[in-house]
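Inspection log for the structure reproduced underneath, given as structure tokens.
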Amino acid sequence: MEISQLINILDLAGVAVFAASGSLVASRKEMDLIGFGLMAALTGLGGGTLRDLILGREVFWLQAEWYVAVCLVVAAVVFFVAPMLQRRFTALLWADAVGLAVFAVMGTHIAMVEQVPWIQAMVFGMMTATFGGLMRDVVAGEPSLFMKPEVYVSAAFVGGGTYLLLLELSLLQPVAAVIAVVCSFLVRSGGIIWKWELPRYKPKAGREY
Amino acid sequence: MEISQLINILDLAGVAVFAASGSLVASRKEMDLIGFGLMAALTGLGGGTLRDLILGREVFWLQAEWYVAVCLVVAAVVFFVAPMLQRRFTALLWADAVGLAVFAVMGTHIAMVEQVPWIQAMVFGMMTATFGGLMRDVVAGEPSLFMKPEVYVSAAFVGGGTYLLLLELSLLQPVAAVIAVVCSFLVRSGGIIWKWELPRYKPKAGREY
Amino acid sequence: MEISQLINILDLAGVAVFAASGSLVASRKEMDLIGFGLMAALTGLGGGTLRDLILGREVFWLQAEWYVAVCLVVAAVVFFVAPMLQRRFTALLWADAVGLAVFAVMGTHIAMVEQVPWIQAMVFGMMTATFGGLMRDVVAGEPSLFMKPEVYVSAAFVGGGTYLLLLELSLLQPVAAVIAVVCSFLVRSGGIIWKWELPRYKPKAGREY
Numbered sequence: 047m048e049i050s051q052l053i054n055i056l057d058l059a060g061v062a063v064f065a066a067s068g069s070l071v072a073s074r075k076e077m078d079l080i081g082f083g084l085m086a087a088l089t090g091l092g093g094g095t096l097r098d099l100i101l102g103r104e105v106f107w108l109q110a111e112w113y114v115a116v117c118l119v120v121a122a123v124v125f126f127v128a129p130m131l132q133r134r135f136t137a138l139l140w141a142d143a144v145g146l147a148v149f150a151v152m153g154t155h156i157a158m159v160e161q162v163p164w165i166q167a168m169v170f171g172m173m174t175a176t177f178g179g180l181m182r183d184v185v186a187g188e189p190s191l192f193m194k195p196e197v198y199v200s201a202a203f204v205g206g207g208t209y210l211l212l213l214e215l216s217l218l219q220p221v222a223a224v225i226a227v228v229c230s231f232l233v234r235s236g237g238i239i240w241k242w243e244l245p246r247y248k249p250k251a252g253r254e255y
Numbered sequence: 047m048e049i050s051q052l053i054n055i056l057d058l059a060g061v062a063v064f065a066a067s068g069s070l071v072a073s074r075k076e077m078d079l080i081g082f083g084l085m086a087a088l089t090g091l092g093g094g095t096l097r098d099l100i101l102g103r104e105v106f107w108l109q110a111e112w113y114v115a116v117c118l119v120v121a122a123v124v125f126f127v128a129p130m131l132q133r134r135f136t137a138l139l140w141a142d143a144v145g146l147a148v149f150a151v152m153g154t155h156i157a158m159v160e161q162v163p164w165i166q167a168m169v170f171g172m173m174t175a176t177f178g179g180l181m182r183d184v185v186a187g188e189p190s191l192f193m194k195p196e197v198y199v200s201a202a203f204v205g206g207g208t209y210l211l212l213l214e215l216s217l218l219q220p221v222a223a224v225i226a227v228v229c230s231f232l233v234r235s236g237g238i239i240w241k242w243e244l245p246r247y248k249p250k251a252g253r254e255y
Numbered sequence: 047m048e049i050s051q052l053i054n055i056l057d058l059a060g061v062a063v064f065a066a067s068g069s070l071v072a073s074r075k076e077m078d079l080i081g082f083g084l085m086a087a088l089t090g091l092g093g094g095t096l097r098d099l100i101l102g103r104e105v106f107w108l109q110a111e112w113y114v115a116v117c118l119v120v121a122a123v124v125f126f127v128a129p130m131l132q133r134r135f136t137a138l139l140w141a142d143a144v145g146l147a148v149f150a151v152m153g154t155h156i157a158m159v160e161q162v163p164w165i166q167a168m169v170f171g172m173m174t175a176t177f178g179g180l181m182r183d184v185v186a187g188e189p190s191l192f193m194k195p196e197v198y199v200s201a202a203f204v205g206g207g208t209y210l211l212l213l214e215l216s217l218l219q220p221v222a223a224v225i226a227v228v229c230s231f232l233v234r235s236g237g238i239i240w241k242w243e244l245p246r247y248k249p250k251a252g253r254e255y
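Quick mapping for you: the protein sequence lines, in order, are chains X, L and D.
Residues 47 to 255 (the numbering used here) make up the first sequence, in order.
Residues 47 to 255 (the numbering used here) make up the second sequence, in order.
Residues 47 to 255 (the numbering used here) make up the third sequence, in order.
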């Protein structure tokens with residue numbers, strides 16, 4: 047598989063899961079269908095838009111209809127499915143974790159392609175991974191996931207760092223990308239589970255989940 | 047009347063009413079005159095700035111002094127007039143509604159001019175219409191109008207959708223633009239009045255107006 | 047000393063003090079080391095990034111590693127030093143005041159270099175000075191310094207205005223820049239002290255400091 051194909055698949059997957067997390071927030075806020083669409087697009091496309099603006103590239107969804115279409119389809123599906131979910135916040139947390147891992151690596155990769163020095167490339171990874179979710183939380187007026195005590199920005203850092211390290215060790219880009227996404231996701235999962243399992247022993251602190 | 051003239055008039059009108067809504071928030075927060083100016087500029091210019099950045103155009107107010115000047119004049123007028131208003135929140139709501147309708151159509155129009163596919167053009171309409179007001183509410187630390195149960199994003203959606211539909215039916219651009227602005231405003235007005243008239247029969251829920 | 051050298055020094059100093067203010071917020075929120083780094087970068091680089099995007103320049107930290115490196119070093123230092131500070135909010139307030147003064151003048155200067163009309167140049171000054179701190183406060187979910195009753199945006203306005211006025215009077219750029227930074231800082235200091243000294247006579251209102 048070529049890197050460009052894998053990048054496209056990962057990118058679209060990241061957009062889709064972030065769009066799902068945005069739609070879940072729209073559901074928690076009891077917005078209408080159009081509101082779901084906008085929250086999905088904001089969350090799914092926000093991080094990559096900022097990345098592309100700062101890199102001076104054409105914004106990735108400007109000419110490719112796929113990205114916006116995926117956000118709208120995801121929003122429509124979540125609109126009908128979310129009321130059946132018992133724990134929307136849990137679903138949101140995991141969708142966000144997948145998006146975080148994918149975009150941390152994508153952001154770093156694209157910055158490297160654009161010849162940005164590695165230290166800035168790491169910043170691009172963290173920015174792409176966190177900005178969409180941040181916008182989602184700010185717009186919804188919720189405390190951002192970002193500020194909670196679970197490992198969040200660090201998971202994005204691990205994703206970008208692992209990717210650059212594996213490239214340095216001469217691994218092929220697709221292999222390095224997949225390993226880095228998995229590492230980043232595992233770190234974030236650890237953070238979620240650590241916070242999430244704990245309340246089983248201290249039930250009172252667990253209400254918000 | 048040519049479309050370019052109409053566009054300029056509508057654009058300036060949208061900036062002015064959004065600037066008024068920003069100034070009204072500054073008034074509610076008891077900011078000083080300079081604070082009024084910045085809130086007016088942020089709200090009036092925010093949506094179009096994001097639109098132009100993503101489209102890769104020159105930001106519309108960068109070389110044209112008119113836009114910033116209009117924001118500052120509006121801020122100064124509101125600074126002296128607002129204390130006389132009995133219901134600043136109501137004035138804010140209606141100024142925001144006019145700006146929303148105008149910018150939904152403007153955003154869609156400008157994206158079409160830049161050859162963006164129609165589905166993205168709709169997103170540009172919604173983004174241009176809502177972003178300035180969103181920034182206003184986030185900066186002021188108020189719950190965004192956006193999240194309230196009245197029809198908001200949907201009104202922007204109707205504006206952009208109507209405009210594209212009427213163009214498809216071969217109407218002249220200025221005619222299509224005016225009809226679309228009116229439709230969008232009516233939808234939003236319906237949402238406001240529905241929420242606003244209701245409390246007359248249930249007085250307790252109406253306190254916030 | 048040439049203006050370009052002075053600009054670089056001032057710019058880096060502004061980034062460093064804003065990075066410190068972002069790190070202090072991270073400390074108040076009990077984030078981890080990576081979180082400190084991101085808050086430092088967001089606050090230190092945010093205002094200038096927006097300025098450069100709107101001006102259509104290359105974003106200033108894209109190819110120059112210094113800026114990101116300075117943010118990370120500051121974040122690491124604050125990470126270890128902050129717990130020793132008795133009054134983190136006070137330190138934050140003063141770091142923010144220095145950054146505000148420096149960036150108000152820098153933003154105005156760079157907009158002038160890019161041939162932007164003076165009225166917009168003033169807006170760029172205020173935007174560059176306030177946006178990083180605004181992002182810091184929004185992300186942290188704190189009421190923005192911006193909305194507090196002390197003189198804030200006005201201090202940025204004074205910085206940009208003084209700079210343009212002194213250039214009009216044919217002062218050399220480095221001299222004008224230094225005087226303008228000092229004026230802006232004095233105005234902001236006055237605002238802080240006025241709010242801060244007052245509580246000595248009315249102890250109850252002073253709790254938050």
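A virtual CB, placed ideally from N, CA and C, is assigned to each residue, including glycine.
Proximal chain L residues relative to residue i, where beta-carbon distance stays under 8 Å
{"i": "Thr95/X", "result": "Ile100"}
{"i": "Glu111/X", "result": "Pro163, Ile165 and Gln166"}
{"i": "Leu138/X", "result": "Those within 8 Å of Leu138/X in chain L number zero; the least Cβ separation is about 16 Å."}
Distance CB(residue i)-CB(residue j) smaller than 8 Å
{"i": "Val227/L", "j": "Ala157/L", "result": "no"}
{"i": "Thr154/X", "j": "Gly102/X", "result": "no"}
{"i": "Phe64/L", "j": "Gly83/L", "result": "no"}
{"i": "Val71/X", "j": "Leu139/X", "result": "no"}
{"i": "Arg234/X", "j": "Thr174/X", "result": "no"}
{"i": "Thr95/D", "j": "Ile100/X", "result": "yes"}
{"i": "Gly179/X", "j": "Ser190/L", "result": "no"}
{"i": "Gly145/L", "j": "Gly237/L", "result": "no"}
{"i": "Val151/D", "j": "Gly171/D", "result": "yes"}
{"i": "Ser200/D", "j": "Ile80/L", "result": "yes"}
{"i": "Val184/L", "j": "Val184/D", "result": "yes"}
{"i": "Gly162/D", "j": "Leu108/L", "result": "It is worth fixing the name first, because residue 162/D is Val in this sequence and not Gly. Yes."}
{"i": "Phe203/D", "j": "Met181/D", "result": "no"}
{"i": "Ile165/X", "j": "Val124/D", "result": "no"}
{"i": "Leu52/X", "j": "Ala223/X", "result": "yes"}
{"i": "Val120/L", "j": "Ala86/L", "result": "yes"}
Residue i in three-state terms, based on DSSP
{"i": "Glu188/D", "result": "coil"}
{"i": "Tyr198/X", "result": "coil"}
{"i": "Leu108/L", "result": "coil"}
{"i": "Arg97/L", "result": "helix"}
{"i": "Lys75/D", "result": "coil"}
{"i": "Leu215/X", "result": "coil"}
{"i": "Gly178/D", "result": "helix"}
{"i": "Gly92/X", "result": "helix"}
{"i": "Gly102/D", "result": "coil"}
{"i": "Pro249/X", "result": "For Pro249/X, the predicted structure reports a pLDDT of 45, less than 50, and the residue's modelled location is therefore unreliable. A value from the coordinates is still provided. Three-state DSSP puts Pro249/X in a helix."}
{"i": "Tyr255/D", "result": "Unreliable positioning characterises Tyr255/D in this predicted model, as indicated by a pLDDT of 41, which lies under 50. The coordinate reading is nonetheless provided below. Three-state result, Tyr255/D: coil."}
Amino acids of chain L, ordered along the chain, whose beta-carbon sits closer than 7 Å to that of residue i
{"i": "Glu104/X", "result": "Gly102"}
{"i": "Asp57/X", "result": "Those within 7 Å of Asp57/X in chain L number zero; the least Cβ separation is about 17 Å."}
{"i": "Ser200/D", "result": "Asp78 and Ile80"}
Chain D residues whose Cβ lies nearer than 8 Å to that of residue i
{"i": "Leu180/X", "result": "Val185"}
Proximal residues of chain D, C-beta to C-beta of residue i below 7 Å
{"i": "Val169/X", "result": "Ala87 and Val114"}
{"i": "Met172/X", "result": "Leu84"}
{"i": "Phe203/X", "result": "Ile80"}
Interface partners of residue i on chain L, CB under 9 Å
{"i": "Met158/D", "result": "Within 9 Å Cβ-Cβ: nothing; Met158/D doesn't reach chain L, min ~13 Å."}
{"i": "Pro220/D", "result": "Residues of chain L passing the Cβ test: none, with the nearest at roughly 26 Å."}
Listed by chain order, chain X residues near residue i by CB distance under 8 Å
{"i": "Glu188/D", "result": "Here the premise fails: no neighbours, minimum Cβ distance about 10 Å."}
Chain X contact residues for residue i, given Cβ-Cβ distances below 9 Å
{"i": "Trp240/D", "result": "Going along chain X, no residue has its Cβ under 9 Å from Trp240/D, so there is no contact; the nearest lies around 31 Å."}
*alpha helix (DSSP H) runs wholly inside the stretch 124-167 of chain L, at least 4 long, in chain order*: 134-159
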